[in-house]
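Presented below is the structure to which this report refers.
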Amino acid sequence: MGIEFRDVGKTYPDGTVAVTGFSCTVPSHRTLALVGTSGSGKTTLMRMVNRMVEPTTGTVLIDDRDVRTLDKVELRRSIGYVPQAGGLLPHRRVVDNVATVPVLTGTPKRAARAAALELLELVGLDPALGRRYPAQLSGGQQQRVAVARALAAEPNVLLMDEPFGAVDPIVRRGLQDQLLQLQAELGKTIVLVTHDIDEAFRLGDDVVILRTGGIVAQTGTPKEIVAAPADDFVRDFIGSDRAERALRTVEVDGRNLVVDGDGRPVGVLG
Ligand SMILES: Nc1ncnc2c1ncn2[C@@H]1O[C@H](COP(=O)(O)OP(=O)(O)OP(=O)(O)O)[C@@H](O)[C@H]1O
């Protein structure tokens, strides 16, 4: 059960080879983070799951069913999708953005709106914000709305494409925490694309590091990858200084300060 990429490849019509012979399984209720440099085929791979991209070779299966045998529109509606930079509809109120898919699939408007307000709360927003338009929210709030919208159809599978890429590091951290909390509660099967290795290690149960051409440099849990980088590419990618970034404590004015390898303070102990 879960999502299986079985030897998939994608060559775009112009001849660009985005992915070659990629195989990987995402067990149900787990998060797979696809990470790599720009153009390494992350988005292409993720979009194969909801058939926004059709692979030129190989098969993608969800719960052992080949996605090609499933109706495209139904498949897309049944999978939560958080695009880069939210993708909210600017002329619809926040609540209606969240309720869009349930209304399309036949939920009465009132019920869909009521559920949407609950979802806003679930992602840490004041439901009163539901009356606003997306442009009247901060970037971080918009991303939370995008997550709420993706959850609205009660999908088992969530696809997230650089979901927190457009917000500043502190807001980003808050959104990551929220996602971890949500995931502990909801247990979705998640494929997340990011170019940020720290985000991949934080959110991914498993991480795939990709090179150009969608070639796997290494797959493993964050611990496995940090403990034994497969080669210099991975070592560089995860930050060859990671080991030296190990935290230590120093005493300043009687308080124990936690600093990283460069002596930058990262927090205070107890
Ligand atoms: N529709 C398309 N037609 C032709 N080439 C494409 C198309 N979409 C993507 N590509 C190419 O396929 C390769 C992989 O693209 P993809 O968007 O999957 O990479 P990515 O790792 O998600 O990159 P980024 O981090 O920049 O979003 C790139 O070389 C890209 O230019």
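So the sequence shown is numbered by our numbering: it starts at 26 and just counts up by one.
Quick reminder that beta carbons are idealized off the backbone N, C-alpha and C, glycines included.
Separation of G61 from R260, as counted between CA atoms: The alpha-carbon separation between R260 and G61 amounts to approximately 13 Å.
Please tell me whether V232 and I215 are closer than 8 Å, where the distance is taken between their beta carbons. no
From the DSSP output, in three-state form, read off F262 for me. helix
Counting C-beta neighbours from all protein chains within 10 Å, is the total for V148 16 or more, i.e. buried, or is it exposed? Burial call: buried.
Quick check on DSSP: helix, strand or coil for M77? Under the three-state reduction of DSSP, M77 is assigned to coil, being neither helix nor strand.
Checking 8 Å against the spacing of the C-beta atoms, do A191 and A252 come in under that value? no
In chain order, each beta strand (DSSP E) run of at least 3 residues that lies wholly inside the region 159-224: 182-186 and 214-219
Could you say which of Q243, T274 and V284 lies nearest to I263 if we only look at CA atoms? Checking every option, the nearest Cα to that of I263 belongs to Q243.
Backbone CA spacing between V128 and A137 [nearest angstrom]: A straight line joining the alpha-carbon of V128 with that of A137 spans about 6 Å.
Status (buried if at least 16 other CB within 10 Å, exposed otherwise) for A160: exposed
With respect to 7 Å, is the separation between the Cβ of S53 and the closest non-hydrogen atom of ligand 1 below this value? no
Exposed or buried, what is L294 when buried is set at 16 or more other beta-carbons lying within 10 Å of its beta-carbon? exposed
Which partner residues of V126 appear in the DSSP bridge assignment? Its beta-bridge partners do not exist; DSSP assigns none.
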